[in-house]
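Residue numbers (the numbering used here): 1 to 139. A short write-up of the structure that comes next.
Pasting the structure below:
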């Protein structure tokens with residue numbers, strides 16, 4: 001049986017095991033204003049080849065709203081790497097979990113936000129770890 005995800009002690013979803021469940025969970029949290037981001041609005045989602053979603057994202061009140069960000073959803077960060085997505089086509093990777101051994105290669109910004117810079121490419125890709133949002137519990 002799969003574990004359930006609770007938001008402030010209310011069950012909202014099961015622990016995501018694929019891309020679609022990760023998207024559904026994140027959109028549910030965003031629509032409840034239950035993410036630590038100042039603003040997150042997924043404008044388009046498509047399962048066709050290429051990018052998963054387009055979103056407007058504001059990390060915190062002091063940051064600008066980033067419009068039309070290219071977002072890739074995966075249950076784990078490792079799956080993003082396995083699928084060999086070209087990271088230069090991605091602004092944000094939103095995943096349920098980042099494996100501990102992969103966190104060493106990322107810059108930690110806070111408990112749920114990481115980033116990495118692409119070699120020979122002047123862009124920072126941000127990685128959001130949903131399971132570390134402080135109002136989320138899994139049981």
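Backbone N, C-alpha and C fix where the C-beta goes; we use that ideal spot for every residue, glycine too.
- Between the segment 109-127 and the segment 11-26, the count of Cβ pairs shorter than 8 Å is below three; the stretches do not touch.
- Bridge pairing for residue 15: absent [DSSP].
- Going by beta carbons, residue 69 and residue 91 fall inside the 7 Å limit.
- Here the alpha carbons of residue 84 and residue 123 stand approximately 17 Å from one another.
- Residue 46 and residue 139 have their C-alpha atoms roughly 30 Å apart.
- Residue range 100-103 is occupied by the alpha helix (DSSP H) that includes residue 103.
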